[in-house]
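All remarks here apply to the structure that follows.
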Amino acid sequence: MPQPPDRKGTHVELMDVSKSFGGVRALDEVSLKITRGSIHALVGENGAGKSTLGKIISGALTPDRGQLLIEGEPVTFHSPREAITRGIVLIAQELSTVPALSVAENVFLGTEPQRAGFVARRALRRRYAELAATAGFELPGDRRGRALKTADQQKVEILRALSRNAELIVMDEPTAALSRPDVERLHQVIRRLASGGTTVVLVSHFLREVAELADEVTILRDGRLVRTAPAAQETVETMLSAMLGRSLGTAFPVRRPVTPQAKVLLEARQVDAPGVYDVSLEVREGEIVGLAGLVGSGRTELARALCQAQRITKGTVTTAGHQLAAASRGRGAARTGRSSTPRAALRKGLAMIPESRKEQGLLLGRPIGENVSLASLGRLSELGLVRRGKERQAVGNVLQQVGVRVPAQQAPVATLSGGNQQKALFARMLLAGPRVLVADEPTRGVDVGAKRAIYDLLTELAAEGLGVLFISSDTEEILGLAHRVLVMRGGRIVAELNGDAMTEGAILAAAFGAPELGGGTDGTSATSGRGA
Amino acid sequence: MDQPDIAQAPTPAPASRNQRLLPPAQLLSRLSRAGILYPFIVLFIVLSVWSGPFFTKVNLLDILDQQASTLIIAAAGTLVVVAGGIDLSVGAVYALAGVTAAHLALFTSPTVAIVAGIAVGLGVGLVNGVIVTAFRINALIATLAMSFVVSGLASLVTGGNLVIDYARPGFADLARSSFLTVNTSTWTMLAVVVALAVVLGRTTAGRYIYASGSNAEAARLSGVRVQGIKTLTFVLSGGAAALGGVIDASRVLSAQASNGETTLTFTVLAGIVVGGTSILGGEGAMWRTVIGVLFIALIGNGFDLLGLNPLYEQIALGGILLLAVGADAWSRLRQN
Chain C
1196 MPQPPDRKGT
1206 HVELMDVSKS
1216 FGGVRALDEV
1226 SLKITRGSIH
1236 ALVGENGAGK
1246 STLGKIISGA
1256 LTPDRGQLLI
1266 EGEPVTFHSP
1276 REAITRGIVL
1286 IAQELSTVPA
1296 LSVAENVFLG
1306 TEPQRAGFVA
1316 RRALRRRYAE
1326 LAATAGFELP
1336 GDRRGRALKT
1346 ADQQKVEILR
1356 ALSRNAELIV
1366 MDEPTAALSR
1376 PDVERLHQVI
1386 RRLASGGTTV
1396 VLVSHFLREV
1406 AELADEVTIL
1416 RDGRLVRTAP
1426 AAQETVETML
1436 SAMLGRSLGT
1446 AFPVRRPVTP
1456 QAKVLLEARQ
1466 VDAPGVYDVS
1476 LEVREGEIVG
1486 LAGLVGSGRT
1496 ELARALCQAQ
1506 RITKGTVTTA
1516 GHQLAAASRG
1526 RGAARTGRSS
1536 TPRAALRKGL
1546 AMIPESRKEQ
1556 GLLLGRPIGE
1566 NVSLASLGRL
1576 SELGLVRRGK
1586 ERQAVGNVLQ
1596 QVGVRVPAQQ
1606 APVATLSGGN
1616 QQKALFARML
1626 LAGPRVLVAD
1636 EPTRGVDVGA
1646 KRAIYDLLTE
1656 LAAEGLGVLF
1666 ISSDTEEILG
1676 LAHRVLVMRG
1686 GRIVAELNGD
1696 AMTEGAILAA
1706 AFGAPELGGG
1716 TDGTSATSGR
1726 GA
Chain E
16 MDQPDIAQAP
26 TPAPASRNQR
36 LLPPAQLLSR
46 LSRAGILYPF
56 IVLFIVLSVW
66 SGPFFTKVNL
76 LDILDQQAST
86 LIIAAAGTLV
96 VVAGGIDLSV
106 GAVYALAGVT
116 AAHLALFTSP
126 TVAIVAGIAV
136 GLGVGLVNGV
146 IVTAFRINAL
156 IATLAMSFVV
166 SGLASLVTGG
176 NLVIDYARPG
186 FADLARSSFL
196 TVNTSTWTML
206 AVVVALAVVL
216 GRTTAGRYIY
226 ASGSNAEAAR
236 LSGVRVQGIK
246 TLTFVLSGGA
256 AALGGVIDAS
266 RVLSAQASNG
276 ETTLTFTVLA
286 GIVVGGTSIL
296 GGEGAMWRTV
306 IGVLFIALIG
316 NGFDLLGLNP
326 LYEQIALGGI
336 LLLAVGADAW
346 SRLRQN
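One line per chain: the protein sequences are C and E, in this order.
Position one of the first sequence corresponds to residue 1196 (my numbering), numbered consecutively onward.
Position one of the second sequence corresponds to residue 16 (my numbering), numbered consecutively onward.
In structure tokens, the structure reads:
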């Protein structure tokens, strides 16, 4: 199809684009067209593929299959640099302002006007003034990068993009870290960019923002395209329901019901911690409590606060009757604040499988055996000497329990597959004999077989009387495993779902902060948990 | 799933060597894991063949005796490096402990002098540990700064003079008496190296040292007191540096504030790294350090015995150090 070269023509087109990461398919034959000068939003759940799509358009990722066309011409980008030469710039979530440089210097970083190797300061100032005027920004060019708020850093990124003659700017969650007035200002900036002819691709979690701002919306689900439609035809509700209804790819093990007289093993009362506000929750013997919410909603921060990896500033955490930590804000010494450590939590039976296997879990260069026995060495030693026979046997047993077969415990843990590395972390914590297990995204980046094995393991552990707090971005597995679901948004628990109220719609509605979808509203409490 | 889920073949025990041909990349990575061992054996054989006086009891025991203090300090330094730290103050502590003991030996019993010298080192090590863990100051900078402070203290003790203990021959017993024809300084070195090898390889503390250096956050979440473990390694390092300083002061019955200093610090560090202990922490072993220190000593000894220009010794040493660090960086790159 020949494209008319007018301003409302197709700027970028994707045809049957697919991308996999280590066997996990992130994008599956997605096709879409982005109109020049429009604001085009990409929406979907965690892991639906929207960020991947944004990165493919901007050259940060190269698709496995399929074709990217710019102005109807097929292109293959191998790096963001190549995309920039075609006028496409990505503004990532992590901003990259150099603190020691001024705003103008940041904007022209790498493309400074020069004279004999020196920066031509007057030319720099003049060009910055011109650029800022074109964009309609009031941002002093001599302000230092370190003095900038997040919103202003974003303006620097936008100006930097414009200075490189960007015709299309991909913004990944630009408003996630902004306050309300700054969000408004950024929206104005984006509208002005679009009316000036720049195409904006907006990757966003915030459906209201999308409905307000976008011209067109592309909805993704599980790596597949649901539809692309004019934003005028979409509402928050229609977008949410389009994200639902994933095919059930995995069977889940049978849950054993929790007896009403089951003891409370983990209890948090009005806990405040960095990124966590006023959270109260309890986990009972034999219960799997699912903790849902979008990435950045405070789930990991809560897990770390519960397990004493992060100090709490208010509230109490109690496990199996032992108070681990208590803190009260602004009360002085009247109520003594007690802080604690992961070591103390572990000794009282509260164990955590951290979110990032490699960063927080594994000793990558060390043998499998050492990795597994690390949290239980006290029990496996006499007078400070490790009883190696006893250790080998204990490690062998617990590895068998979690379903990892290794030819030698001496092999480096890095030689295990991702799924088995995760199981080795379960083995480490199980060997320590916990009463409560907090598992943060334990199935991330593992293949389908290993996922199923981890589901079985969690269910078995609960059946044996362990309390489990299970954090996941995958709504389906939360629904498949949990007895009860808590949903977090903005650092708070915004919904607790039981029985029939546990539906994908209810979880998503709470996570996105949208009004309830039809059905499943009974039993949903929009208060902050079950705090007394 | 009958096949174990392993992405790559595990390392066989060092005893069973290449039964079959390996792909070059794997062979290289295995060689780099064995590290300096093969070059050490080759150098040892070459020197034995080329130089008559090399392979004699006198020369070999002499090398060990000369390296006694370096090996003691490097053995404890290995714990620091494996735990993810570095101790640049050992040269200064060596000097301070030497002059303290030599000075005290002038008017108290040798035992009191020796104990006091070692206590000074343990104290400096504790300060190092606290600065690095509690105040979260980079170990490189913290111990570098401490080395200036400690050097200054050593000069204060001596007033800039050489402390001479010729009138107190009892002080020499620590290094100069012999047992089974081997000097006590060598025996002390053997005892310290074996003891620290057991600590690193067999005890829970050793496991925690590896864990702290390999992934401090993972260790903390697994209930390891990472800060305590790191502090312990600095205390041991300070104590070992002091023991080395006291032994050498006892050997020559004198000490001065400029003893050791940076040359010793870097010889120790070079020995640890040449042996194949990773400067980034989490990997390493005591036998590696012993081989690394002795390898550097053999090069020096070989240059002496063969009458080569000692200028080339330094150049060779620098090249070997770069190779060792390069091999470590390369094997890490492959691991990720």
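In this text, a Cβ means the ideal position worked out from N, Cα and C, and glycines have one as well.
Note that this is a predicted model, so its numbers are computed, not measured.
- request: Taking the CB atoms as reference points, tell me whether E/Thr246 and E/Ala89 lie closer together than 7 angstroms.
  value: The residue you call residue 246 of chain E lines up with position 231 of the second sequence. The residue you call residue 89 of chain E lines up with position 74 of the second sequence. Annotated as distal: E/Thr246 and E/Ala89, with beta-carbon spacing of 7 angstroms or more.
- prompt: Quick one, are the C-beta atoms of C/Ala1330 and C/Gly1232 less than 7 angstroms apart?
  reply: Along the first sequence, read from residue 1 onward, the residue named residue 1330 of chain C stands at position 135. Along the first sequence, read from residue 1 onward, the residue named residue 1232 of chain C stands at position 37. Their beta carbons are not under 7 angstroms apart, which means C/Ala1330 does not touch C/Gly1232 by this criterion.
query: So which residues of chain C does E/Gly100 contact, with C-beta pairs closer than 9 angstroms?
result: The sequence position of residue 100 of chain E within the second sequence is 85, counting from 1. Those within 9 angstroms of E/Gly100 in chain C number zero; the least Cβ separation is about 17 angstroms.
Touch test, the region 1220–1229 of chain C against the region 1408–1428 of chain C, Cβ-Cβ under 8 angstroms, three pairs minimum: Contact between the region 1220–1229 of chain C and the region 1408–1428 of chain C is established, with three or more Cβ pairs separated by less than 8 angstroms.
query: Of all Cβ atoms in chain C, is any one closer than 7 angstroms to the Cβ of E/Gly238?
result: Start at 1 with the first residue of the second sequence, and residue 238 of chain E comes out as number 223. It does: the Cβ of E/Gly238 has a partner Cβ on chain C nearer than 7 angstroms.
- prompt: Should C/Glu1268 be labelled buried (16 or more other beta-carbon atoms within 10 Å of its own) or exposed?
  reply: Indexing the first sequence from 1 puts residue 1268 of chain C at position 73. Residue burial is scored here from C-beta neighbours: C/Glu1268 has fewer than 16 other C-beta atoms within 10 angstroms and is therefore classed as exposed.
task: Assess, as a yes-or-no matter, whether the region 70–87 of chain E is touched by the region 202–222 of chain E under the definition of 3 or more beta carbon pairs within less than 8 angstroms.
output: Counting Cβ pairs under 8 angstroms, three or more are found: they touch.
message: Is it buried or exposed, C/Glu1496, if we count other Cβ atoms within 10 angstroms and call 16 or more buried?
response: Mapped onto the first sequence, residue 1496 of chain C falls at position 301. Label assigned to C/Glu1496: buried.
message: Comparing C-alpha positions only, which one of C/Thr1698, C/Ala1704, C/Glu1307, C/Asn1301 sits nearest to C/Arg1341?
response: Position 146 of the first sequence holds residue 1341 of chain C. Ranked by Cα distance from C/Arg1341, the first of C/Thr1698, C/Ala1704, C/Glu1307, C/Asn1301 is C/Asn1301.
Min CB distance E/Gly297 to chain C below 7 angstroms: Indexing the second sequence from 1 puts residue 297 of chain E at position 282. Yes - at least one Cβ of chain C is within 7 angstroms of the one on E/Gly297.
task: Pair every Cβ in the region 1351–1361 of chain C with every Cβ in the region 1279–1295 of chain C, then say whether three or more of these pairs are closer than 8 angstroms.
output: Per the Cβ contact rule, the region 1351–1361 of chain C is in contact with the region 1279–1295 of chain C (3 or more Cβ pairs under 8 angstroms).
task: Rank E/Ala272, E/Ala120, E/Asn74, E/Ile152 by C-alpha distance to the C-alpha of E/Gly106 and give the top, closest one.
output: Along the second sequence, one-based indexing puts residue 106 of chain E at 91. Minimum Cα distance to E/Gly106 is reached at E/Ala272.
- request: Would you be able to state if there are at least three C-beta pairs under 8 angstroms between the region 94–110 of chain E and the region 210–230 of chain E?
  value: With the cut-off at 8 angstroms, the region 210–230 of chain E and the region 94–110 of chain E touch.
message: By the three-class DSSP mapping on this structure, what secondary structure does C/Met1438 have?
response: Here residue 1438 of chain C refers to the residue found at position 243 of the first sequence. C/Met1438 falls in the helix class under three-state DSSP.
- request: Give a yes or no on whether 7 angstroms exceeds the smallest Cβ distance from E/Ser227 to chain C.
  value: Taking the first residue of the second sequence as position 1, residue 227 of chain E is located at position 212. Residue contact with chain C for E/Ser227: absent (no Cβ-Cβ distance below 7 angstroms to any residue of chain C).
query: E/Arg217 touches chain C at which residues, Cβ-Cβ below 7 angstroms?
result: The count along the second sequence starts at 1 and reaches residue 217 of chain E at position 202. Leu1580, Val1581, listed in chain order.
- request: Quick one: grab the DSSP three-state call for E/Asp102.
  value: Here the question's residue 102 of chain E lines up with position 87 in the second sequence. It is coil, neither helix nor strand.
- prompt: Listed from N- to C-terminal order along the chain, which residues in the region 1622–1654 of chain C have their beta-carbon within a distance smaller than 9 angstroms of any beta-carbon of chain E?
  reply: Residues of the region 1622–1654 of chain C whose Cβ lies closer than 9 angstroms to any Cβ of chain E, in chain order: Arg1623, Met1624, Ala1627, Gly1644, Ala1645.
task: Using the Cα positions of C/Arg1316 and C/Ala1356, report the straight-line distance between them to the nearest angstrom.
output: Along the first sequence, read from residue 1 onward, the residue named residue 1316 of chain C stands at position 121. Along the first sequence, read from residue 1 onward, the residue named residue 1356 of chain C stands at position 161. Approximately 20 angstroms, taken between the alpha carbons.
message: Against chain C, does E/Asn143 count as a neighbour if the rule is that its beta carbon must be under 7 angstroms from one of theirs?
response: Reading the second sequence from its first residue, position 128 is the one you call residue 143 of chain E. Residue contact with chain C for E/Asn143: absent (no Cβ-Cβ distance below 7 angstroms to any residue of chain C).
message: So that I know if they touch, is there some Cβ in chain E lying closer than 7 angstroms to that of C/Ala1589?
response: Walking along the first sequence from the start, residue 1589 of chain C turns up at place 394. Taking Cβ atoms only, chain E never reaches closer than 7 angstroms to C/Ala1589, which makes this a no.
query: Could one say the Cβ of E/Arg151 lies closer than 7 angstroms to chain C's Cβ atoms, at least one of them?
result: Counted from its first residue, the second sequence places residue 151 of chain E at position 136. With 7 angstroms as the cut-off, E/Arg151 does not count as an interface residue toward chain C.
message: Here's the rule I'm using: 16 or more other beta-carbon atoms within 10 Å means buried, otherwise exposed. How should C/Arg1623 be labelled?
response: Here the question's residue 1623 of chain C lines up with position 428 in the first sequence. Buried.
- prompt: What are the partner residues of C/Thr1423, as DSSP defines its beta bridges?
  reply: Your numbering for residue 1423 of chain C matches position 228 in the first sequence. DSSP links C/Thr1423 through a beta bridge to C/Thr1413.
CB contact below 7 angstroms: E/Ala233 versus chain C: One-based indexing of the second sequence puts residue 233 of chain E at position 218. Chain C contact via Cβ: present.
Contact check, C/Glu1482 vs C/Val1453, beta carbons under 7 angstroms: In the first sequence, residue 1482 of chain C corresponds to position 287, counting from 1. In the first sequence, residue 1453 of chain C corresponds to position 258, counting from 1. For C/Glu1482 and C/Val1453, yes; Cβs fall inside 7 angstroms.
- request: Report the option in C/Thr1205, C/Val1270, C/Leu1652 whose CA atom is closest to the CA atom of C/Val1212.
  value: If you number the first sequence from 1, residue 1212 of chain C lands on position 17. Cα-wise, what sits closest to C/Val1212 is C/Val1270.
- prompt: According to the Cβ coordinates, are C/Ile1283 and C/Ser1253 closer than 7 angstroms?
  reply: Residue mapping note: residue 1283 of chain C aligns to position 88 of the first sequence, counting from 1. Residue mapping note: residue 1253 of chain C aligns to position 58 of the first sequence, counting from 1. Yes, Cβ-Cβ distance for C/Ile1283 and C/Ser1253 is below 7 angstroms.
message: On the DSSP letters alone, give me the boundaries of the alpha helix (DSSP H) that C/Glu1325 sits inside.
response: For the purposes of this step, residue 1325 of chain C is identified with residue 130 of the first sequence, where counting begins at 1. Note, C/Glu1325: alpha helix (DSSP H), 1316–1330.
query: Around the Cβ of E/Ser124, are there at least 16 other Cβ atoms within 10 angstroms (buried) or fewer (exposed)?
result: To locate residue 124 of chain E, count along the second sequence from 1; it is residue 109. Exposed, since its Cβ has fewer than 16 Cβ neighbours within 10 Å.
- prompt: Taking a cut of 8 angstroms between CB atoms, which residues from the region 296–319 of chain E lie near chain C?
  reply: Of all residues in the region 296–319 of chain E, those with a C-beta nearer than 8 angstroms to a C-beta of chain C are Gly297, Glu298, reading in chain order.
- prompt: So what's C/Asn1693 in DSSP terms, helix, strand or just coil?
  reply: As a working note, residue 1693 of chain C is residue 498 in the first sequence. In the structure shown, C/Asn1693 adopts extended strand secondary structure according to DSSP, grouped into three states.
- prompt: Looking only at its own chain, which residues have a Cβ that is under 8 angstroms from the Cβ of E/Gly175, when we skip the five neighbours before and after it?
  reply: Residue 175 of chain E sits at position 160 when you count from the first residue of the second sequence. The answer, listed in chain order, is Ala272.
message: Can you look up E/Ile146 in the DSSP assignment and give me helix, strand or coil?
response: On the second sequence, position 131 is the one that residue 146 of chain E refers to. The three-state secondary structure of E/Ile146, taken from DSSP, is helix.
- request: Output, in chain order, the set of chain E residues within a Cβ distance shorter than 7 angstroms of C/Gly1556.
  value: Numbered from 1 along the first sequence, position 361 holds the residue referred to as residue 1556 of chain C. Chain E residues near C/Gly1556: Ala233.
query: For E/Phe70, which of E/Gly334, E/Thr219, E/Gly317, E/Gly299 has the nearest alpha-carbon?
result: Position 55 of the second sequence, counted from the first residue, corresponds to residue 70 of chain E. It is E/Gly317.
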